[in-house]
Structure formats: C-alpha cells, structure tokens
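Encoded as structure tokens, the structure appears first; notes follow it.
Right, dumping it as structure tokens:
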C-alpha cells in the first residue's frame with residue numbers, strides 16, 4: 041500500500057514499542073460484532089449465500105493493511121488471520137511475481153527487510169541493485185527467485201525498531217502465494233458462513249510488464265478460478281497505476297477498482313513512462329476524478345490528501361477531496377492509520393516514546409468525521425472500536 045520507497049515522508053522513529061494488550065482484547069469483541077454486521081455472503085466457493093456488493097460493507101469499512109501488521113509480520117497468513125479474527129471487514133494483499141511467474145504476497149519485490157534472505161548463504165550471490173519506478177534499491181528481489189526457492193525463506197518483521205514485539209514471530213510463516221491466500225479466504229468463508237473480502241494491489245505493474253512478468257493476466261486468471269472476478273466477487277482491486285486497473289477491466293475483471301494516490305506532486309509511474317504530465321494534484325480535481333470514475337469505483341488517497349498537516353505535523357483544515365470524490369461517484373479508502381506516536385499526527389501523540397501508542401481512537405474518529413468510506417489500518421481492532429464509538433457519538 042504505502043509508497044514507502046520514498047522514505048523522506050515516512051521516516052521511522054525510535055526503537056521498540058510495547059504491544060497494546062488491551063487493544064487486542066478489545067479487538068476480539070470487536071471482531072465478533074463486525075462479523076455480525078458484515079456484508080451477506082454469496083453462493084459459491086467460500087460458503088454462504090447472498091450478494092457481494094461493496095455497497096453492503098459497513099461504513100466506514102475497516103481494511104486490514106497487509107493483514108494486521110501492527111501485531112504480526114506483514115503479508116503472512118498469521119497477519120491475515122489476526123486481522124480477520126479482530127474485526128477487519130476486508131483484508132489487503134500486495135502481489136508481486138516470482139521468476140517462474142507465480143504471484144506471491146509481499147509489499148515490495150525487494151524482500152530484504154521482510155524475509156531472512158540476507159542470512160541465507162546459498163542466496164548471497166543474488167544480492168543486486170535494481171531501479172524500480174525510478175529509484176535504485178539494493179537487496180534481494182522476488183523476480184530473481186523461483187517459487188520453490190522463495191518457499192525456503194521465512195517471513196520476519198519489517199520495522200523491528202518500531203515493532204519489537206512483532207519479532208517474536210520472525211520465522212514462523214513462509215511467504216504466501218496469492219493462490220494460497222485465496223484458498224485461505226475460501227476456508228475461512230466456509231467456517232464463518234460468509235465470504236471473506238479481499239483488497240488486492242498490483243505492485244509496480246509497468247516495471248513487471250517490461251520484465252516479461254505482467255501482473256494483470258495472472259491476477260485475472262486466479263480471480264476467475266476462485267469465483268472472484270465479477271462485480272460481486274468480494275474483491276477490490278487497487279493500484280497506484282491507472283493503466284493497471286484499466287488493463288484488468290479490459291481483461292473482463294469486473295471487481296470494484298480503487299486508484300491509489302500518493303503526494304500531490306507525485307506521478308503514477310505509468311504516467312512517467314508514457315510522458316503523461318499529470319500529477320496526483322491533477323487527478324484529485326473534479327475533472328481528474330471524473331476521468332478516474334471512467335475505470336474505477338473508488339480512490340485510495342494518502343491521508344494527508346484528506347486532512348493536510350502543517351509544518352509541526354498537526355492537522356489543518358480538511359480538503360474538499362471527500363466531497364469532490366463522492367460527487368464523481370467514487371468511494372474513498374485512504375491509507376494508513378497506525379497506533380504508534382511516530383505515525384500519528386502530532387495532535388494525537390501521547391508521551392515521549394515515539395513507538396508508544398498515541399490517542400489513535402481520537403485520530404480515527406477525526407478522519408471518519410470527514411465522510412470517508414473506509415480506511416486502511418495496521419491495527420484493525422482499534423479501527424473497529426473507533427468506528428463503534430463514532431457511530432454512537
């Protein structure tokens with residue numbers, strides 16, 4: 041989700057954070073409540089009966105960002121399961137390809153920080169430097185490994201300095217394939233009597249297409265196999281590149297689509313490649329949003345596009361983006377809310393530990409009050425609790 045290859049905006053502060061045990065306990069109850077109000081399930085794989093329109097989801101919708109990566113290493117079956125058990129309405133996956141064309145769930149194709157590959161002598165020679173979307177990165181990359189080789193690796197916490205508690209689970213899970221996640225979602229759907237919503241992002245699609253590893257055809261094939269390619273298929277598709285969503289539409293994938301949006305001054309990488317001069321600032325104007333509505337049902341803006349921060353990192357006045365997007369018929373799923381002080385607006389930080397929890401409940405409610413339709417969060421239990429409080433206010 042986050043374009044974290046641009047570290048200047050999301051500098052990570054400090055060392056370890058203590059796990060908010062109370063939040064986990066509250067999340068268990070919230071998960072039960074969310075299950076009772078979730079969208080009815082459709083017949084087919086995954087169990088249950090009924091419709092699968094995104095319009096049936098609770099509002100604001102809680103999206104488990106990379107699963108529940110505030111509590112478990114991201115994009116692991118453990119992270120996805122924790123998010124589902126603790127109230128997330130929708131679970132997010134980012135997909136990247138292997139050398140032999142399989143899709144696996146990683147936030148980036150650079151797996152240096154999220155697996156134990158750096159400690160594996162048999163893969164030492166695979167370390168390299170690549171330019172991805174205009175930025176140089178040195179490490180190990182999924183497209184240089186077969187699926188069998190990737191399956192020998194173990195997942196680990198990406199930001200251990202911020203989330204030391206998550207390092208307890210280093211080495212517990214493998215890197216999951218996208219198909220394994222689809223199978224997991226089917227199994228959970230049968231157990232719960234309702235289908236499980238997913239939010240699937242194509243990562244660096246232009247880069248991979250130029251490498252001969254096009255993502256969209258592979259995603260479409262698997263969605264069809266698991267009865268998720270239709271309008272009511274319990275799946276959102278998302279990308280920072282408009283052409284990826286457009287290609288999925290041309291492939292006949294009718295899932296609701298969400299265009300992700302970064303800073304005002306940035307450009308989608310497919311625009312850079314095509315020499316399209318438009319920036320995010322152009323895409324969030326009424327004219328730009330009307331254009332987006334021609335191929336997508338929603339946008340996923342960075343939260344600062346909803347409420348900007350000033351030079352002291354405090355929130356300012358909300359923009360008109362929510363109103364303008366709704367006027368264009370688009371829903372909004374902004375990203376990303378996290379509980380730690382270092383990620384929260386200064387208004388909601390508490391104490392001096394950058395990795396301690398701030399007043400995330402109040403922050404959630406502030407964003408909910410803008411009229412957004414959903415939110416990505418590393419801490420889905422906190423998001424569900426905040427939603428409940430917001431609705432009662």
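In the working numbering, the protein residues as written are 41 to 433.
Idealized CB from N, CA, C, for every residue including glycine.
Everything numeric in this text was worked out from a predicted model, so none of it was measured.
7 Å Cβ shell around residue i - same chain, five flanking residues per side excluded
{"i": "residue 112", "result": "118, 119, 122, 206 and 209"}
{"i": "residue 212", "result": "118"}
{"i": "residue 228", "result": "124 and 236"}
{"i": "residue 429", "result": "401 and 405"}
{"i": "residue 358", "result": "346, 347 and 410"}
{"i": "residue 253", "result": "137, 141 and 183"}
{"i": "residue 223", "result": "none"}
Close beta carbons around residue i, own chain, < 6 Å, minus the five adjacent residues each side
{"i": "residue 283", "result": "310"}
{"i": "residue 134", "result": "147, 241 and 243"}
{"i": "residue 68", "result": "Its pLDDT being 32, under 50, residue 68 is placed unreliably by the model, and the measurement read from it follows with that caveat. Taken in chain order, the list of residues that qualify is empty."}
{"i": "residue 419", "result": "110 and 379"}
{"i": "residue 153", "result": "198"}
{"i": "residue 411", "result": "362"}
{"i": "residue 287", "result": "256"}
{"i": "residue 157", "result": "151, 163, 180 and 193"}
{"i": "residue 324", "result": "361"}
{"i": "residue 75", "result": "Note that residue 75 has pLDDT 34, beneath the 50 cutoff, so the model's placement of it is unreliable and the number below is only indicative. Contacts found: none."}
{"i": "residue 356", "result": "348 and 350"}
Short Cβ contact (8 Å threshold) for residue i with residue j
{"i": "residue 367", "j": "residue 384", "result": "no"}
{"i": "residue 340", "j": "residue 278", "result": "yes"}
{"i": "residue 102", "j": "residue 424", "result": "yes"}
{"i": "residue 260", "j": "residue 298", "result": "no"}
{"i": "residue 303", "j": "residue 280", "result": "no"}
{"i": "residue 435", "j": "residue 319", "result": "Since the first and last residues shown for the chain are 41 and 433, residue 435 lies out of range."}
{"i": "residue 395", "j": "residue 149", "result": "no"}
{"i": "residue 251", "j": "residue 183", "result": "yes"}
{"i": "residue 104", "j": "residue 132", "result": "yes"}
{"i": "residue 186", "j": "residue 231", "result": "no"}
{"i": "residue 276", "j": "residue 296", "result": "yes"}
{"i": "residue 126", "j": "residue 421", "result": "yes"}
{"i": "residue 343", "j": "residue 361", "result": "no"}
{"i": "residue 402", "j": "residue 353", "result": "no"}
{"i": "residue 99", "j": "residue 413", "result": "yes"}
{"i": "residue 169", "j": "residue 176", "result": "yes"}
Which listed residue (the options) has its alpha carbon closest to that of residue i
{"i": "residue 191", "options": "179, 319 and 163", "result": "163"}
{"i": "residue 171", "options": "398, 342, 290 and 246", "result": "246"}
{"i": "residue 239", "options": "416, 431 and 428", "result": "416"}
{"i": "residue 166", "options": "181, 106 and 285", "result": "181"}
{"i": "residue 215", "options": "160, 258 and 151", "result": "151"}
{"i": "residue 189", "options": "169, 161 and 204", "result": "161"}
{"i": "residue 106", "options": "289, 95, 128 and 263", "result": "128"}
Residue i, buried or exposed, once every other Cβ within 10 Å from all chains shown has been counted against 16
{"i": "residue 389", "result": "buried"}
{"i": "residue 256", "result": "buried"}
{"i": "residue 114", "result": "buried"}
{"i": "residue 137", "result": "buried"}
{"i": "residue 382", "result": "buried"}
{"i": "residue 70", "result": "Only weak support is given to the placement of residue 70: the predicted model assigns it a pLDDT of 32, under 50, and the value that follows is read from those uncertain coordinates. The residue is buried, with at least 16 neighbouring Cβ atoms inside 10 Å."}
{"i": "residue 300", "result": "buried"}
{"i": "residue 155", "result": "buried"}
{"i": "residue 265", "result": "exposed"}
{"i": "residue 65", "result": "Residue confidence is low: residue 65 scores 29 on pLDDT, short of 50, so the model does not pin down where it sits. No coordinate-derived value is stated."}
{"i": "residue 249", "result": "buried"}
{"i": "residue 431", "result": "exposed"}
{"i": "residue 391", "result": "exposed"}
{"i": "residue 116", "result": "buried"}
{"i": "residue 108", "result": "buried"}
{"i": "residue 290", "result": "exposed"}
{"i": "residue 433", "result": "exposed"}
Neighbourhood of residue i by C-beta distance below 8 Å, restricted to the same chain and skipping five residues each side
{"i": "residue 370", "result": "329, 332, 333, 336, 337, 338 and 339"}
{"i": "residue 52", "result": "Below a pLDDT of 50, predicted positions are generally treated as unreliable, and residue 52, at 32, falls in that range; the measurement from the model is reported next regardless. Same-chain partners within the cutoff: 199, 201, 202 and 382."}
{"i": "residue 174", "result": "309 and 312"}
{"i": "residue 427", "result": "98, 100, 102, 404 and 408"}
Would you be able to state if there are at least three C-beta pairs under 8 Å between the region 217 to 232 and the region 129 to 145?
yes
Do the region 191 to 200 and the region 264 to 272 meet, that is, are 3 or more Cβ pairs less than 8 Å apart?
no
Using 8 Å as the cut-off, can you tell me whether the region 405 to 413 makes contact with the region 358 to 376, which would need three or more C-beta pairs spanning the two stretches below that distance?
yes
State whether the region 347 to 356 contacts the region 314 to 325, with contact taken as three or more CB pairs (one from each stretch) at a distance under 8 Å.
With a cut-off of 8 Å, the region 314 to 325 and the region 347 to 356 do not count as touching, because too few Cβ pairs lie within range.
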